[in-house]
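Number of protein chains: 4
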Amino acid sequence: MQTEGPVGDALANVLSDAASVRDGTVADYIPELAHADPEHFGISVVSVLGRVYSAGDNTVEFTIQSVSKPFVYALALSELGLETVARHVGFEPSGNAFNAISLDPDTGRPANSMINAGAIVTAALIDGADPAERFERVRRCMSRFAGRELAVDERVYASELATGDRNRALAYLTLSAGVLPRPVDEAVEVYFRQCSVLVTVEDIATMSATLANGGVNPRTGDEVVDETVARHTLSLMASCGMYDHAGEWMVRVGLPAKSGVSGGIAAVQPAEFGIGVFSPRLDEFGNSARGVAALTALSEDFGLHMLTHPSEPRPAVERTEVDADGRLVVALRGELEFLAAEQIVHHLGSDQVRGAVTEGGLRIDLSGVTRIRPAAERLLAVEIRELVRSGIEVIVDDPEGVITGAAAPDGTTLPAG
Amino acid sequence: MQTEGPVGDALANVLSDAASVRDGTVADYIPELAHADPEHFGISVVSVLGRVYSAGDNTVEFTIQSVSKPFVYALALSELGLETVARHVGFEPSGNAFNAISLDPDTGRPANSMINAGAIVTAALIDGADPAERFERVRRCMSRFAGRELAVDERVYASELATGDRNRALAYLTLSAGVLPRPVDEAVEVYFRQCSVLVTVEDIATMSATLANGGVNPRTGDEVVDETVARHTLSLMASCGMYDHAGEWMVRVGLPAKSGVSGGIAAVQPAEFGIGVFSPRLDEFGNSARGVAALTALSEDFGLHMLTHPSEPRPAVERTEVDADGRLVVALRGELEFLAAEQIVHHLGSDQVRGAVTEGGLRIDLSGVTRIRPAAERLLAVEIRELVRSGIEVIVDDPEGVITGAAAPDGTTLPAG
Amino acid sequence: MQTEGPVGDALANVLSDAASVRDGTVADYIPELAHADPEHFGISVVSVLGRVYSAGDNTVEFTIQSVSKPFVYALALSELGLETVARHVGFEPSGNAFNAISLDPDTGRPANSMINAGAIVTAALIDGADPAERFERVRRCMSRFAGRELAVDERVYASELATGDRNRALAYLTLSAGVLPRPVDEAVEVYFRQCSVLVTVEDIATMSATLANGGVNPRTGDEVVDETVARHTLSLMASCGMYDHAGEWMVRVGLPAKSGVSGGIAAVQPAEFGIGVFSPRLDEFGNSARGVAALTALSEDFGLHMLTHPSEPRPAVERTEVDADGRLVVALRGELEFLAAEQIVHHLGSDQVRGAVTEGGLRIDLSGVTRIRPAAERLLAVEIRELVRSGIEVIVDDPEGVITGAAAPDGTTLPAG
Amino acid sequence: MQTEGPVGDALANVLSDAASVRDGTVADYIPELAHADPEHFGISVVSVLGRVYSAGDNTVEFTIQSVSKPFVYALALSELGLETVARHVGFEPSGNAFNAISLDPDTGRPANSMINAGAIVTAALIDGADPAERFERVRRCMSRFAGRELAVDERVYASELATGDRNRALAYLTLSAGVLPRPVDEAVEVYFRQCSVLVTVEDIATMSATLANGGVNPRTGDEVVDETVARHTLSLMASCGMYDHAGEWMVRVGLPAKSGVSGGIAAVQPAEFGIGVFSPRLDEFGNSARGVAALTALSEDFGLHMLTHPSEPRPAVERTEVDADGRLVVALRGELEFLAAEQIVHHLGSDQVRGAVTEGGLRIDLSGVTRIRPAAERLLAVEIRELVRSGIEVIVDDPEGVITGAAAPDGTTLPAG
């Protein structure tokens, strides 16, 4: 863990500014939560390369509460697949509060897995002989996301169990609607335990970074869930993660996120990093007031909004020249996404290239390319197949192995040369 | 416009597959819409470099209907700013259908600008002496998004005017709640006209590409709205664009989008391209059935989901070496986002670099870099400032001008050398 | 009008006690209403024999507002019949406030004619060439209920027209749902005028007494509506008249009633009297705070609750004896309802009577009977038919003509002798 | 029990006509209920004098289900009083179905005691050391209403217990809202047992007749609840007894009633009789289809609607004459309610009477009076007090004891002499 350097400094600055937020109140509907120190405030960032940056109270443990929901959802998706999960719980924002009933009047499905009713059903989908075994699968999965063995705060669990009547009501509603696959007592036991798991902001940041990294924990290399599951989970966080504040969150912060009643927030910059933040005082929507302030500032200061428009990139075609062997060389560079691929394909189809290709053929040089996105790889594969079909010899030079092998719908792949 | 090459072929394939969808019915609640040819089906993609690819019925005109909503929202944001607009209409998904009432019980604000009640209020925020002048501003703005002069289908407008009683009801509800700033008749006149503007899929694709391109029309170079407005608009499309199907759309397609009752859908791959699709038969959510099928297939086949995890990029530091002048050269490459910058900063702070810097100083070579994202530029700026403060001479070599000048919160910028 | 005697004294006492209620606020959502004197307080009772008792401000005029609703509903029932009206508006309490939307999601019908949406539709059902003619029918009917020509307060009407946007919204919702049979502007014009009619508490008491008296104005003898319409109207007042306070009103007061936003309340003791009360300060449900207090006290003090259990009546058979002509005489007395008739029938079928009937036959003496309810008359008719069939001569002696001629389902009637 | 004579014949006719109703389906949400014979159809009427009339399947036992709700509500009112009960459950129609959630958003109280959530809370208010003891109190009270010992159908109870998850959900919602005073398992056990009590239509009719009779079982003379409790219970049945059909029921039938999912309906003609009807097929509102048809026909044929307007009664003052002792005699007759009393008071204050009173004084002859309602007794008491104060000697002759002793607010009572 590093607290120095520009990233650590940036986090410390954000924390210092957000500490001026003194609004909000510590949740007390679970009595044990009311004992939290309202001044605790910590933030942590973990990149998909596994480096950790923190500021503030980064070692304080707190119960994860609803921040657990996306990770258990990811486990359920891994075990059962999206379609099976979708028969029990929906994907839609409910427009209502976290403890709203929000069951579909026709199907009885909870609106989504990020509200309590949906999270109880989601946890109940996890396989196992009994609640203990099922929770152990949940705990183990959360631990793999975090990269260390996580434990339950038994006092908070006992407090949830003693006061969780509204959640039992939600569970019975889903049971009577036919979408809860377990007895209510077993379902809420696993859910309450899942909410009572102790974490630090670094745990949450690591868990988030695992989602950012396509399901692979960047600190341990553990493949916790596959890329599709990570993507589906991030999608649900994007639309439903911040309760009835989700739309404004998307406008102002623009990162998939999930908050919890103990004051934690997980946020994800896909393909880049995960963030964990913790401050117990909650705003009117049930989100950590300082946490929201910190993430809003971070997003604004560093342009992290996932819909931010970047500056126009340099052309993907770095140069076109004839090499010593008489081959026409098209040297590409940077990250090749759809846009770059479209440029390249346009270039390869142009008279400039078609007219200049000699008998030596064409060499496509990928040595300056840092990454190829699937859309780009598929477009290039199809274009090169056409060049070959038209009689042109094509060599693709990929010294660092950026080609992933992604196939176009018709099976065409880029020839790695 | 191109229909050949890999992109055109891909669109043609997607269209051909999606044509097997025969579900859904043509909207008839506005009588004129019922005359649409249910077999019309077209798609168009416009890249942020301005190239156009189409397949199917790309020249058929249809009324834009609700696909107009994000563009008028963008105009309102441009004219009044986010905070003023937010006093009249919210950002939150309503969980309800497009013509639901969905007014906040406390403030009376419609849930968001993508449902009818919110769109009527949003259009009414546009300034002007009378409805004609206000609509002309709307039409002109939409035309700039499309890159050509758009016109109203007067028959559809007359039909909307004759049958739009539910929309008048929504307008009166917002008026009585104090959030509609105009008389109802004036408000719905502008709204009905806006819905009756005639477009083709290429228009919608161009309009979407303008949002993808930070507000600059890539075909005309016209700066229609600024980058912040474009981002806010895409954010709202992401959370609320597909009615009560928004959550599943985010899971399955993952592109900000907006659909309309005439069968059009606009979708945006930020920083890359816009898509327009058109097929009049609507599914149960009021979205074009074939349009949804086509965009789902396109997203899956080409990995366009904005939360897709790409393969791991090659390192951003291409090489570290001593040049002829005795300077330590750190050559960077590709697209520098936060993650790359974090690698670079880590590298610059490492013993390998610090120990190797000679009196000749340090040269940071950006010639292989295709783009720098703001977060990255700010982190690099701060790190280089620290290197300089510690007595190291640093030259930043930026032959193609990728540095944008984005300043860190303390004002530090990258020295362009 | 009398203010002395036990009834006038009772009203004065109730008024004096209820004047201690100082809660509530004068309605101001229609600006003109805010000018009402909050201290005005009057009450009036009109019996079905046409006598009037009043206390307090019995000559102050105020606009009738929602107290008009049952009377216009009665007019609509008279003109169109229950089934036709029921296709446009329901009978069910909505559980919601007076200005709630409460439209049936399937049929679009407003929940009932006592909420604004339903009252607007109900007024629009009245026939007429234009709004002026339709309102004139409404005004004339209300005037007949009141027994004098009522007029509109043009300032209040103008104020309603200027600020009635929520009502316009409700009207447009019903129009778009297909249940409003007029253009919105015409519908709300009639409704706003109907609400702006000026009345005193004596007017309201007379209007209520007309409903109590089966539709006949007891002061003028005018048959305003028929008995069935009066009963249907009272039924709706019983279940829906006091907004979302209707259930508690039934428990605590137990009289069909209707309140209005200007502070008036109409209440009905069926077959006995009507009450009008007026005090502008409204409680949280929108009912006159003092009016509710006065009517609650009146109901409790005088046992007016329509579900109150009376003491056990003296037997309906006063005596059974043999008269000078050797006929067995069964003398009946009091009010004959089902219960009395059942006693009588039981008595007539008993061995005591059957054994004692001589050849002189049976004489049934109704001279002590004050009234026969239909159920009783039908039961007696059938029993006497059976006696006759079994060979007994029966004479029914009805000197004061209490027999109404109500026929049993098979057509049997009581022979009036 | 009698099946002959006009009352029995009327019931047989009504049953025969209603048997043509073949709509509706037997409830199956509790599996045991699905075994009911759909052709069973019985009706019973019990008068407040204790006579029983029946037709059809009057000895078939079925579980009482929701028809138990008013009787347990009456028990709760007896034990705790209206105000205490009202802190846990409301009085308002919900506008929703029987198993709707309908909790007040502010207080968490269920809308009323006739919907499931409210009935569960109401049953839980009954005192007792454990569920067995509490249910025994409920069973004993229901038995006293019925006049015989009622027993539980243990198979239906087991079926309810096994499938009652929605009711458990409702119970947990009320528990978490702080209005359920028992653990959920205990609360639903008592409620499920209460619903599983076996009754016949004669039981239901007797229970209803007890409510009609001011709380006194007319067959046993047992004072089950007091008159106020009976009235409050009838009030709630009037506004909330027929689920979301309550308003139309009031219009078309006009008797306080309660239906249950097994096909039973209890209805009450206050002060006259109770009705029980049973037929298992339910209409869309969950009410017995044939039961509704039978009660509608009965109400129409016999004019039972409680808001029916009767014919005008003969004058309450039968004659005014001077007796042998020189006293002015005013002879009254029939049932004296407010209206009659108002006539009498008016008469007593008239010149005709005042001028004719001699030194012999005034004799008021009640021998022809069958009953005095409290309002009438109080008005007369006040008027006679005034006559006495003005120096007139007044004798009230009440040979059959119709005077109840009801006191006016100031304590004045009628002198019985």
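Chains as they are written, first to last, in my numbering: chain H, -1 to 415; chain Z, -1 to 415; chain R, -1 to 415; chain F, -1 to 415. Even for Gly, the Cβ is constructed at its ideal location relative to N, Cα and C. If you're wondering where the values come from, they're calculated on a predicted model, not measured in any experiment.
With 16 as the cutoff for other CB atoms within 10 Å, does residue i come out buried or exposed?
i: Asp21 of chain F; result: exposed
i: Arg387 of chain H; result: exposed
i: Gly162 of chain Z; result: buried
i: His33 of chain F; result: exposed
i: Asp408 of chain F; result: exposed
i: Thr57 of chain Z; result: exposed
i: Ser45 of chain F; result: buried
i: Ser18 of chain H; result: exposed
Among the options, whose alpha-carbon lies nearest the alpha-carbon of residue i?
i: Val227 of chain F; options: F:Leu80, F:Val197, F:Ala84; result: F:Leu80
i: Ser174 of chain F; options: F:Leu159, F:Asp104, F:Gly145; result: F:Asp104
i: Ser348 of chain H; options: H:Leu385, H:Arg191, H:Val320; result: H:Leu385
i: Pro29 of chain R; options: R:Ser260, R:Ser45, R:Gly54, R:Ile390; result: R:Ser260
i: Leu302 of chain Z; options: H:Val315, H:Ser64, H:Leu337; result: H:Leu337
i: Gly63 of chain R; options: R:Ile202, R:Ala295, R:Arg85, R:Glu357; result: Inspection of the sequence shows that residue 63 of chain R is occupied by Gln rather than by Gly. The option with the nearest alpha carbon to Gln63 of chain R is R:Ile202.
i: Asp395 of chain Z; options: Z:Asp363, Z:Ala373, Z:Ala374, Z:Val367; result: Z:Asp363
i: Pro397 of chain H; options: H:Pro308, H:Gln341, H:Ala329, H:Thr356; result: H:Ala329
i: Val83 of chain H; options: H:Leu234, H:Leu377, H:Glu131, H:Thr294; result: H:Leu234
i: Ala354 of chain F; options: F:Tyr27, F:Ala379, F:Val320, F:Leu378; result: F:Val320
i: Arg142 of chain H; options: H:Thr208, H:Leu253, H:Arg107; result: H:Thr208
i: Arg85 of chain F; options: F:Val65, F:Ser76, F:Gly106, F:Ser92; result: F:Gly106
Any heavy atom of the ligand FAD closer than 7 Å to the CB of residue i?
i: Glu184 of chain Z; result: The ligand FAD is not part of this structure, which contains no ligands at all.
If the criterion is Cβ atoms closer than 8 Å, does the pair residue i and residue j meet it?
i: Pro459 of chain R; j: Leu123 of chain R; result: As shown, chain R starts at -1 and ends at 415. That puts residue 459 of chain R outside it, with no answer to give.
i: Lys67 of chain H; j: Met140 of chain H; result: no
i: Val24 of chain H; j: Ala292 of chain H; result: no
i: Thr410 of chain Z; j: Gly403 of chain Z; result: no
i: Phe69 of chain H; j: Met205 of chain H; result: yes
i: Ile370 of chain F; j: Ile401 of chain F; result: yes
i: Asn165 of chain H; j: Ile118 of chain H; result: yes
i: Ala210 of chain H; j: Glu134 of chain H; result: no
i: Tyr170 of chain F; j: Ala406 of chain H; result: no
i: Ala295 of chain R; j: Asp55 of chain R; result: no
i: Arg49 of chain R; j: His345 of chain F; result: no
Check whether chain A comes within 8 Å of residue i, counting only Cβ atoms and requiring the distance to be less than that.
i: Leu101 of chain H; result: You won't find chain A in this structure, because its protein chains are H, Z, R and F.
With residue i and residue j assumed to form a contact (beta carbons below 8 Å), what rounded beta-carbon distance in angstroms separates them?
i: His307 of chain H; j: Gly212 of chain Z; result: 3 Å
i: Val380 of chain Z; j: Asp7 of chain H; result: 7 Å
i: Met240 of chain R; j: Ala255 of chain R; result: 6 Å
Under 8 Å, with one C-beta from each stretch per pair, do the stretch 24 to 41 of chain H and the stretch 273 to 292 of chain H reach the 3-pair mark? Per the Cβ contact rule, the stretch 24 to 41 of chain H is in contact with the stretch 273 to 292 of chain H (3 or more Cβ pairs under 8 Å).
Indicate whether the contact test is met: 3 or more Cβ pairs, each with one atom in the stretch 327 to 341 of chain Z and one in the stretch 305 to 316 of chain Z, closer than 8 Å. Taking 8 Å as the limit for Cβ pairs, the verdict is that the stretch 305 to 316 of chain Z does touch the stretch 327 to 341 of chain Z.
Between the stretch 185 to 196 of chain Z and the stretch 231 to 251 of chain Z, can you find at least three pairs of beta-carbon atoms closer than 8 Å? Judged by Cβ distances under 8 Å, the stretch 231 to 251 of chain Z makes no contact with the stretch 185 to 196 of chain Z, as fewer than three pairs qualify.
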